[in-house]
DNA sequence: CACATTTGTGTTAACGTCAACACAGCATTG
DNA sequence: CAATGCTGTGTTGACGTTAACACAAATGTG
């Protein structure tokens with residue numbers, strides 16, 4: 183009667199298992215880790231003892247002894263944005279295959295929270311890191327990252343760090359769709375996108391400028407809005423762009439949140455797409471599909487991005503992590519739908 | 183020249199800091215934990231030594247010694263569903279306030295992955311758990327949870343466990359909107375929602391049945407579709423419902439993913455809302471806002487849910503966790519918009 | 001059959017931290 | 001001024017695990 187009570191009082195350790203199975207702690211450890219050879223009979227006795235006691239290895243003790251946590255971290259700006267959650271989910275499942283958990287951390291674009299998370303990594307809570315910082319120019323965050331001595335994979339950020347990198351090809355897709363609009367006859371094309379403080383914003387603006395320049399359309403900075411990537415910003419800036427005279431005949435919404443805002447602005451003004459305005463979105467499959475007409479978008483394969491990030495990190499977590507940094511650029515596609523057309527009126 | 187190299191070879195420990203500051207390891211530990219009193223001069227000397235060496239406490243060693251990880255876990259079915267990511271984000275920020283990290287784990291509705299995650303909790307990797315299992319009937323998962331001896335908060339699941347609980351009031355909202363449709367003249371109302379293996383599905387079906395029964399409309403099980411909560415299922419079942427004769431004049435899409443599928447089905451069939459069909463959705467703010475006409479939805483405050491879950495867990499993580507389980511039910515609201523109207527034709 | 005190799009297991013000493021204990025020095029009190 | 005309490009710090013021994021080492025027994029080799 184006292185026995186089971188005593189047993190449940192304290193969680194069983196490897197020593198309790200060893201005693202019950204009549205073997206040494208070393209042998210139990212070998213059974214738990216499964217790496218070295220153990221006689222079949224012994225293994226079974228130990229397994230039985232573990233089951234009987236409800237033994238669970240103490241993760242912290244293992245981590246301390248082996249200096250590994252079997253956890254990777256993923257730093258993202260905002261968990262509720264499908265772009266991030268889809269990538270994170272794909273990376274998570276790749277890492278799960280090699281027995282790693284993925285600690286996804288949403289910084290809400292706060293420097294404080296980003297640095298807190300990086301500190302957790304520096305304290306040995308994670309063996310590797312996937313990173314998408316909210317501001318490439320933040321030197322404090324960059325320095326914190328540079329001090330963390332674990333393998334790292336960067337996603338779509340230009341940081342001077344010893345790390346693998348996955349880029350998306352924003353500029354090329356933006357150049358192509360802008361050229362396409364110009365061919366249709368558009369001359370005044372607005373662009374709303376993420377800040378140039380992060381690579382996606384920078385690249386999208388670059389692609390747009392290149393296409394405009396190649397068509398001999400002088401740069402009109404008033405048509406470029408790139409300060410924030412929020413729905414509210416997309417809404418405000420779309421309203422402002424559509425209040426200009428002459429009014430732009432097309433708007434490129436570079437980013438899913440911005441697209442949502444732009445659509446709302448179009449609805450507010452009662453404009454008809456594509457007759458009054460051609461609209462292009464990005465990184466959204468849900469809304470762009472279901473709106474009427476469906477919206478032309480620049481699309482990336484989020485699962486491919488996540489899998490690539492996960493695989494890059496997995497390679498360094500498993501093997502020796504000495505290989506030189508890898509650098510992958512994944513393409514974006516343009517999904518042509520009915521939200522773009524030649525501009526109305528005299529060209 | 184040799185000194186800095188030697189130093190960077192191995193990460194500094196509390197002993198290195200103690201030696202450099204000329205104090206004992208105990209004192210350094212006191213400075214790190216910040217709990218006990220340390221003389222101001224001493225504290226400063228230790229802080230300087232830590233900064234100079236780039237010391238970071240070794241999390242695994244702390245965890246092992248204190249038997250706490252300062253990490254909570256959140257088990258959800260699918261990270262990419264905004265319902266879950268919004269709740270998780272709110273819970274994360276509440277727990278961050280008390281210095282806890284939140285390990286969000288997306289099971290993809292796989293028993294295997296759910297049990298793996300629960301095992302991680304059982305191994306001491308987490309001090310507390312927020313749980314939304316994908317199938318309440320899964321006894322293996324329930325048993326695994328019951329063996330984890332850490333504070334738990336359940337979200338919208340009916341499990342016989344010693345845990346705090348946060349419920350949403352699905353049935354009442356569903357009853358009200360169904361009654362409202364009946365008052366408008368609808369007689370054949372389809373319902374597509376989550377499986378009754380989880381509480382939200384069960385409750386929604388119950389509310390619907392109660393309203394239909396109260397109006398003397400005999401239960402027609404053919405109008406109830408509750409096997410999965412996916413976009414594809416919503417699409418298929420909406421198509422099937424709309425192929426019945428007589429055709430339902432209203433459809434309740436209980437769940438955001440199902441709503442997306444239902445909207446697609448409506449588009450496929452070229453039906454007009456609300457003239458040909460009244461449509462009600464749930465748990466979606468993005469699409470229902472931007473569609474034309476905007477869709478009436480049953481809405482929950484996801485941030486409130488997340489904050490409540492986080493606060494409940496925080497209370498047990500901070501103080502003594504002996505208090506009896508708490509049980510909170512949060513209301514749902516109905517957001518009336520233009521997707522519902524009286525049915526066309528002879529009533 | 002002597003010797004080398006392989007296989008399986010026990011022993012032991014850390015890993016880095018913190019909590020309990022001890023105690024010196026100083027302030028406070030009657 | 002002796003007795004008492006308080007503050008601040010040093011000492012020490014786990015916490016639960018694994019890796020290195022040692023070695024006995026079993027197997028293979030010439």
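Residue numbers (the numbering used here), protein chains in the order written: chain A, 183 to 529; chain B, 183 to 529.
Virtual Cβ for every residue (Gly too), placed ideally from N, Cα, C.
Only a predicted model underlies this, so the values are computations on that prediction, with no experimental measurement involved.
Shown here, residue 334 of chain B sits in a strand according to DSSP, grouped into three states. Our two residues, residue 273 of chain B and residue 282 of chain B, have alpha carbons roughly 11 Å apart in a direct line. Closest in alpha carbon position to residue 241 of chain A, among A/249, A/380, A/450, is A/249.
Between residue 474 of chain A and residue 257 of chain A, the alpha-carbon positions lie close to 36 Å from each other. Residue 410 of chain A and residue 389 of chain A do not touch by the CB rule: their CB atoms are close to 20 Å apart, not below 8 Å. The C-alpha of residue 259 of chain B is placed about 7 Å away from the C-alpha of residue 315 of chain B. Scanning the segment 428 to 479 of chain B for uninterrupted beta strand (DSSP E) segments of 3 residues or longer gives 432 to 436, 460 to 464, listed from N- to C-terminal end.
Contact of residue 418 of chain A with chain B is not assigned, every C-beta pair being separated by 8 Å or more. Uninterrupted alpha helix (DSSP H) stretches at least 4 residues long and entirely within the segment 302 to 350 of chain B occur at 321 to 329, given in chain order. With a cut-off of 8 Å on Cβ pairs, the segment 422 to 442 of chain B is in contact with the segment 357 to 368 of chain B, counting three or more such pairs.
Going by beta carbons, residue 374 of chain B and residue 420 of chain B fall inside the 8 Å limit. The beta carbon of residue 507 of chain B lies closer than 8 Å to those of 344, 345, 346, 347 in the same chain, with the five residues before and after it left out.
For residue 256 of chain A, no CB of chain B lies under 8 Å from its own CB, so it is not counted at the interface with that chain.
DSSP, reduced to helix, strand and coil, places residue 354 of chain A within a helical segment of the structure shown. Shown here, residue 359 of chain A sits in a helix according to DSSP, grouped into three states. Counting along the chain, the unbroken alpha helix (DSSP H) around residue 276 of chain B starts and ends at 264 to 279. In the structure shown, residue 504 of chain B adopts coil according to DSSP, grouped into three states. About 6 Å separates the Cβ atoms of residue 443 of chain A and residue 414 of chain A, confirming a contact at the 8 Å cut-off.
Classified as buried, residue 333 of chain A has 16 or more neighbouring CB atoms from the shown chains inside 10 Å of its CB. A distance below 6 Å between beta-carbons, with the five flanking residues on each side excluded, links residue 232 of chain B to the following residues of its chain, in chain order: 199. A/416 is the residue among A/416, A/447, A/427, A/461 whose C-alpha sits nearest the C-alpha of residue 440 of chain A. The beta-carbon distance between residue 437 of chain B and residue 464 of chain B, rounded to whole angstroms, is 6 Å. This is short enough to meet the 8 Å contact definition. With a threshold of 8 Å between beta carbons, residue 251 of chain B makes contact with chain A. Residue 254 of chain B carries a strand assignment under DSSP once its states are collapsed to helix, strand and coil. DSSP, read as helix, strand or coil, puts residue 209 of chain B in helix. Annotation for residue 375 of chain B: no alpha helix (DSSP H) segment contains it, though the beta strand (DSSP E) segment containing it runs 371 to 375. Following the DSSP letters along the chain, one finds residue 220 of chain B in no alpha helix (DSSP H), marked with neither H nor E. The Cβ atoms of residue 522 of chain B and residue 456 of chain B sit closer than 8 Å to each other. Under the three-state reduction of DSSP output, residue 522 of chain A falls in the coil class, being neither helix nor strand.
Shown here, residue 491 of chain A sits in a helix according to DSSP, grouped into three states. Residue state for residue 286 of chain B is assigned as strand, using DSSP reduced to three classes. When DSSP states are grouped into helix, strand and coil, residue 424 of chain B belongs to the coil group. Boundaries of the beta strand (DSSP E) around residue 511 of chain B: 509 to 512. Here residue 312 of chain A is not near residue 499 of chain A, since their CB atoms are 8 Å or more apart. Among the residues facing chain A, residue 442 of chain B is included, as its CB has a counterpart in that chain under 8 Å away. In its own chain, leaving out the 5 sequence neighbours on each side, no residue places its CB closer than 6 Å to the CB of residue 483 of chain B.
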